[in-house]
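Asks:
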Amino acid sequence: MTSPLRIGIAGLGTVGAGTLRLLRTNAELLARRGGRPIVIVAVAARDRSRDRGVELTGIRWESDAMALAAAPDIDVVVELIGGSDGIARDLVTTALANGKNVVTANKALLAHYGAGLARLAEEKGVALAFEAAVAGGIPVLKALREGLSANNVQRIYGILNGTCNYVLTTMRESGRDFADVLAEAQRLGYAEADPSVDIDGFDSAHKLALLAAVAFGTEVDLAGIHVEGIRHVSALDIEFADDLGYRIKLLGLARPTDHGLEQRVHACMVPRTTPIAHVEGVFNAVVVEGDFVGRVMLEGRGAGAEPTASAVVADLIDIAAGRATTSFAVPASQMKRGRAAPMARHRGAYYVRLMVFDRPGVIADVAAALRDEAVSMEQMIQRGRAPGEAVPVVLTTHETEEAAMRRALDRIARLKTVVEPPRMIRVENL
Ligand SMILES: NC(=O)c1ccc[n+]([C@@H]2O[C@H](COP(=O)([O-])OP(=O)(O)OC[C@H]3O[C@@H](n4cnc5c(N)ncnc54)[C@H](OP(=O)(O)O)[C@@H]3O)[C@@H](O)[C@H]2O)c1
Numbered sequence: 000m001t002s003p004l005r006i007g008i009a010g011l012g013t014v015g016a017g018t019l020r021l022l023r024t025n026a027e028l029l030a031r032r033g034g035r036p037i038v039i040v041a042v043a044a045r046d047r048s049r050d051r052g053v054e055l056t057g058i059r060w061e062s063d064a065m066a067l068a069a070a071p072d073i074d075v076v077v078e079l080i081g082g083s084d085g086i087a088r089d090l091v092t093t094a095l096a097n098g099k100n101v102v103t104a105n106k107a108l109l110a111h112y113g114a115g116l117a118r119l120a121e122e123k124g125v126a127l128a129f130e131a132a133v134a135g136g137i138p139v140l141k142a143l144r145e146g147l148s149a150n151n152v153q154r155i156y157g158i159l160n161g162t163c164n165y166v167l168t169t170m171r172e173s174g175r176d177f178a179d180v181l182a183e184a185q186r187l188g189y190a191e192a193d194p195s196v197d198i199d200g201f202d203s204a205h206k207l208a209l210l211a212a213v214a215f216g217t218e219v220d221l222a223g224i225h226v227e228g229i230r231h232v233s234a235l236d237i238e239f240a241d242d243l244g245y246r247i248k249l250l251g252l253a254r255p256t257d258h259g260l261e262q263r264v265h266a267c268m269v270p271r272t273t274p275i276a277h278v279e280g281v282f283n284a285v286v287v288e289g290d291f292v293g294r295v296m297l298e299g300r301g302a303g304a305e306p307t308a309s310a311v312v313a314d315l316i317d318i319a320a321g322r323a324t325t326s327f328a329v330p331a332s333q334m335k336r337g338r339a340a341p342m343a344r345h346r347g348a349y350y351v352r353l354m355v356f357d358r359p360g361v362i363a364d365v366a367a368a369l370r371d372e373a374v375s376m377e378q379m380i381q382r383g384r385a386p387g388e389a390v391p392v393v394l395t396t397h398e399t400e401e402a403a404m405r406r407a408l409d410r411i412a413r414l415k416t417v418v419e420p421p422r423m424i425r426v427e428n429l
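Quick note on numbering: numbering that gives the first Met the number 0 labels position 290 of the sequence shown as 289, and the sequence is numbered without any gaps.
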């Protein structure tokens with residue numbers, strides 16, 4: 000066998016400790032697959048005394064993670080600290096500048112600085128690999144770069160955040176409301192104490208930015224993504240969705256349109272008959288639609304120590320075997336600067352829920368507001384009768400432009416018989 004691949008791991012939290020465990024447990028298999036052993040030369044974290052459930056004897060401890068970027072006996076720096084700036088960014092940039100390969104799970108860093116870091120890696124002739132940054136254990140970047148590389152991708156979408164999918168699934172199964180289910184998810188460790196990054200869609204946006212860049216050969220454009228979370232989804236909406244034949248999922252979607260690259264993260268009504276509607280709990284899924292292959296769906300665990308370690312180590316095997324490819328499927332110099340499609344130009348169907356006073360003429364007023372903006376209604380359902388009191392009314396539309404829908408919703412919100420702002424969820428044609 001040739002000389003071992005020598006790695007330094009920065010960050011020994013959930014993913015770092017999982018990566019160490021995998022490297023130990025499957026060492027022999029990895030050496031065969033990569034053609035040489037992978038050896039952990041050094042590690043770095045903040046607290047040396049913390050028990051991480053993994054044996055660190057014989058591995059050098061660096062109290063400053065930056066030492067890994069300079070160490071002459073390290074070929075690959077594995078960055079598993081996290082955060083878009085600070086130490087993670089300094090470490091990755093310095094390691095690449097020093098001619099070291101980098102493997103990272105850090106979607107926030109790459110979503111912000113991916114194009115520049117990929118250029119630096121190419122200049123230095125080293126790998127920047129980040130399979131673990133998108134959908135954890137699902138090998139979707141490799142699938143896009145390799146198995147699907149002959150296709151023009153027409154659309155890519157997925158359930159990219161396990162916390163949101165867990166919350167939405169539990170809301171549907173239990174009939175409970177968002178706040179209640181989120182609090183339980185936090186108690187069970189499925190949601191962070193500060194859940195905003197997940198619940199408000201930002202984590203999905205980071206992953207979508209990377210997926211879109213790899214799928215369409217465009218520069219990572221986080222700012223071009225329309226991002227909404229799931230806080231506004233109520234138990235009532237989930238119940239109505241069920242009646243109408245849909246499930247509600249937080250999706251990240253990207254596709255080229257006449258107005259530019261459309262990238263959006265928001266709650267979607269997904270037909271119950273589609274496979275992605277049945278991806279439940281903490282599971283993630285990514286669907287790629289290619290011009291020759293058609294539709295391909297990959298499903299699996301999008302987070303957690305072991306699935307994420309699986310992706311980190313797959314990147315290490317590629318580097319060991321000398322088959323690491325370009326980070327974003329095309330050379331960084333050839334990544335096109337994408338034009339972001341404005342959300343106002345999005346075309347799609349909509350679900351709208353209103354709370355209205357149960358009085359004659361209310362429905363006619365709502366229908367008139369839609370007609371005045373040329374929005375065509377598909378169906379309308381009134382749940383229950385309570386003369387003089389507020390009752391839910393739900394409608395769905397045919398395909399229309401987002402800007403027209405927004406104007407119609409403004410008109411509806413101004414009607415005296417509508418008692419709270421209309422709730423809108425986009426209906427996806429999948
Ligand atoms: N968790 C997942 O399921 C998952 C899935 C996919 C991708 N990721 C990504 O993987 C990365 C790591 O996530 P994680 O969940 O493993 O995080 P984590 O459990 O919070 O671990 C972070 C690690 O970084 C270390 N660290 C923090 N600041 C440091 C510094 N200044 N110098 C050296 N070490 C430092 C911490 O040290 P101490 O232990 O001493 O505090 C800890 O070991 C993130 O980019 C995340 O987005 C995570």
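All C-beta atoms in this analysis are idealised placements derived from N, C-alpha and C, irrespective of residue type, glycine included.
CA-CA distance, A402 and G188?
Replies: 39 Å
Asks: To the nearest angstrom, how far is it from the Cα of Y112 to the Cα of Q378?
Replies: 45 Å
Asks: Residue ranges of each alpha helix (DSSP H) run of no fewer than 4 residues wholly in the region 124–183, ordered along the chain?
Replies: List check, alpha helix (DSSP H) in window: 161–173.
Asks: Can you tell me which residues form a DSSP beta bridge with H225?
Replies: R263
Asks: Tell me whether L4 sits in a helix, a strand or coil according to DSSP, three-state version.
Replies: In the structure shown, L4 sits in a strand (DSSP, three-state: E or B).
Asks: Residues in its own chain within less than 6 Å of G12 by CB, not counting five upstream and five downstream?
Replies: none
Asks: Does any heavy atom of ligand 1 sit closer than 7 Å to the C-beta of V101?
Replies: With a threshold of 7 Å, the Cβ atom of V101 does not count as near ligand 1, since no heavy atom of the ligand is closer than that.
Asks: DSSP three-state call for E218: helix, strand or coil?
Replies: coil
Asks: Apply the 10 Å Cβ neighbour rule to H277 and answer buried if 16 or more other Cβ atoms are within range, or exposed otherwise.
Replies: exposed
Asks: State the Cα-Cα distance for the pair E61 and L28, rounded to the nearest angstrom.
Replies: 28 Å
Asks: For ligand 1, is there any heavy atom lying closer than 7 Å to the beta carbon of K248?
Replies: no
Asks: So R47 is in the beta strand (DSSP E); what residue range does that whole segment cover?
Replies: From DSSP, R47 is part of no beta strand (DSSP E); its letter is neither H nor E.
Asks: Going by DSSP in three states, M334 sits in which element: helix, strand or coil?
Replies: Three-state result, M334: coil.
Asks: Are the beta-carbon atoms of A348 and N428 separated by less than 8 Å?
Replies: yes
Asks: Which of the three DSSP states is assigned to I362 in this structure?
Replies: helix
Asks: Hey, is C206 close to ligand 1, as in C-beta under 7 Å from one of its heavy atoms?
Replies: According to the sequence provided, residue 206 is Lys. The question's Cys does not apply to it. K206: no, Cβ never under 7 Å from ligand 1.
Asks: Measuring from the CB of I158, is there a heavy atom of ligand 1 at a distance below 7 Å?
Replies: no
Asks: Report whether the distance from the Cβ of L11 to the nearest heavy atom of ligand 1 is below 7 Å.
Replies: yes
Asks: Using only the heavy atoms of ligand 1, determine whether one of them is closer than 7 Å to the beta carbon of A431.
Replies: Residue numbering for the chain in the displayed model covers 0 to 429; residue 431 lies beyond these limits and cannot be assessed.
Asks: Going along the chain, which unbroken runs of the beta strand (DSSP E) with 3 or more residues stay wholly within the region 230–307?
Replies: 245–256, 259–270, 282–289, 293–300
Asks: With hydrogens ignored, establish whether the beta-carbon of A44 is closer than 7 Å to any heavy atom of ligand 1.
Replies: Yes.
Asks: State buried or exposed for I73, treating a residue as buried only when at least 16 other CB atoms are found within 10 Å of its CB.
Replies: buried
Asks: With a threshold of 6 Å on Cβ separation, who are the neighbours of H345 within its own chain once the five nearest residues in sequence on each side are excluded?
Replies: E401
Asks: Provide the residue(s) that pair with R186 in DSSP beta bridges, ordered along the chain.
Replies: R186 pairs with nothing; no bridge assigned.
Asks: In this structure, does DSSP put R32 in helix, strand or coil?
Replies: helix
Asks: According to the Cβ coordinates, are G301 and I137 closer than 8 Å?
Replies: yes
Asks: Quick check: the Cα distance between I275 and L250, rounded to an integer number of angstroms?
Replies: 10 Å
Asks: Could you tell me if the beta carbon of K141 falls within a distance shorter than 7 Å of some heavy atom in ligand 1?
Replies: no
Asks: Relative to the C-alpha of L369, which residue among V351, V355, A190, P386 is closest?
Replies: V351
Asks: Can you tell me whether DSSP reads A320 as helix, strand or coil?
Replies: Note: A320 maps to coil in three-state DSSP.
Asks: Tell me, which residues are paired with V351 by DSSP?
Replies: According to DSSP, V351 bridges with L394, M423.
Asks: Determine the burial state of Q262: buried for a count of at least 16 other Cβ atoms within 10 Å of its Cβ, exposed for fewer.
Replies: buried
Asks: May I ask whether a heavy atom of ligand 1 can be found less than 7 Å away from the beta carbon of K106?
Replies: yes
Asks: Does the beta-carbon distance from I6 to V77 come in below 8 Å?
Replies: yes
Asks: Specify the secondary structure class of T93 as computed by DSSP and reduced to three states.
Replies: helix
Asks: For a quick check, are the C-beta atoms of M296 and A212 less than 8 Å apart?
Replies: no
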